[in-house]
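2 protein chains.
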Amino acid sequence: MGATKTEHFTNKQNEMAILAKALGHPARIAIVEYLIKVNSCICGDIVNELPLAQPTVSQHLKELKNAGLIKGSIEGNAICYCIDEKAIEKLQNYFGNISTKLTDKKNKCC
Amino acid sequence: MGATKTEHFTNKQNEMAILAKALGHPARIAIVEYLIKVNSCICGDIVNELPLAQPTVSQHLKELKNAGLIKGSIEGNAICYCIDEKAIEKLQNYFGNISTKLTDKKNKCC
DNA sequence: ATTTAATATTGCAATATTACGATTAAAATT
DNA sequence: AATTTTAATCGTAATATTGCAATATTAAAT
Numbered sequence: 689m690g691a692t693k694t695e696h697f698t699n700k701q702n703e704m705a706i707l708a709k710a711l712g713h714p715a716r717i718a719i720v721e722y723l724i725k726v727n728s729c730i731c732g733d734i735v736n737e738l739p740l741a742q743p744t745v746s747q748h749l750k751e752l753k754n755a756g757l758i759k760g761s762i763e764g765n766a767i768c769y770c771i772d773e774k775a776i777e778k779l780q781n782y783f784g785n786i787s788t789k790l791t792d793k794k795n796k797c798c
Numbered sequence: 689m690g691a692t693k694t695e696h697f698t699n700k701q702n703e704m705a706i707l708a709k710a711l712g713h714p715a716r717i718a719i720v721e722y723l724i725k726v727n728s729c730i731c732g733d734i735v736n737e738l739p740l741a742q743p744t745v746s747q748h749l750k751e752l753k754n755a756g757l758i759k760g761s762i763e764g765n766a767i768c769y770c771i772d773e774k775a776i777e778k779l780q781n782y783f784g785n786i787s788t789k790l791t792d793k794k795n796k797c798c
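Protein chains in written order, with my numbering: chain W, 689 to 798; chain P, 689 to 798.
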């Protein structure tokens, strides 16, 4: 026990859970927000923006990358990071869809 | 170490991270989707829908409730669960906002 | 009052996450 | 070539999560 039983859920469910989980930490939310704020790809500079040690930030970046939320490309001795818009789109569609379904119905039982 | 350093991030960042984290597990995604699918509040019945033991489901429900994603009210000897629309709205707004900011900019450096 | 049904809680083992110091790797600069 | 810069990786401690059997709780039904 201890490990998530992904095999019992649909691909879509696992995919959304992976994206959500990646954003389930304030540092990773902060990284994504910073990438949006600077409005471009960032080469270096991310570590200085966060109140965490360099290896910790590196680890968070890796998780965001594994989840497909950011892309990173080597740019000399720095790394260029930016948001992967497709992932954000998926999240937006997902919650937009849920929102629509919720407002469609009118049975207020709670 | 091992605990998230929430104190270094903004309230909003922590709030979004809590919501995302709650959805960062396929079982909890499945619960939310089920609540939407049946299109009403559900009294009982959730445990049978999931491929997990009753205590595990109960725990996932508790986490969704703590994060503010679902509401539960006692209804006889069953519990009536439903989505808290405000939380979904927050998520939709958040990702909608990010999406807008991303499509606004045109600097494709990646 | 007993039994039944639905859900929560407890306790625990397995695993995952978070954080960081130390180290390494790779490229730019001197 | 030696140094500096930037970021990844390793190792490890602290903590959190996942999952479930056993048990408790609560209210309805008998």
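Backbone N, C-alpha and C fix where the C-beta goes; we use that ideal spot for every residue, glycine too.
Remark: C-beta atoms of G712/W and A708/P approach each other more closely than 8 Å. Bounds of the alpha helix (DSSP H) holding E777/W are E773 to D792. Using a Cβ-Cβ cut-off of 8 Å, H696/P counts as an interface residue toward chain W, since at least one Cβ of chain W sits closer than that to its own. For the 8 Å CB-CB criterion, G756/W and Y769/W do not form a contact.
Close CB contacts of I767/W within its chain, under the 6 Å cut and outside five residues either way in sequence, are with G760 (chain order). Against chain W, a Cβ distance below 8 Å from Q701/P picks out P714, I717, A718 and E721. Distance from L752/P to F783/W at the Cβ level is roughly 15 Å; contact not present, criterion being Cβ atoms closer than 8 Å. The beta carbon of G784/P falls within 8 Å of a beta carbon belonging to chain W, placing the residue at that interface. Pairing C729/W with Y722/W, the inter-Cα distance amounts to about 10 Å. Within the DSSP secondary-structure output, Y722/W pairs in no beta bridge. Distance from the CA of E737/P to the CA of L790/W, rounded to the nearest whole angstrom, comes to 20 Å. Under a criterion of Cβ atoms nearer than 9 Å, no residue of chain P is adjacent to P743/W; the nearest Cβ is some 12 Å distant.
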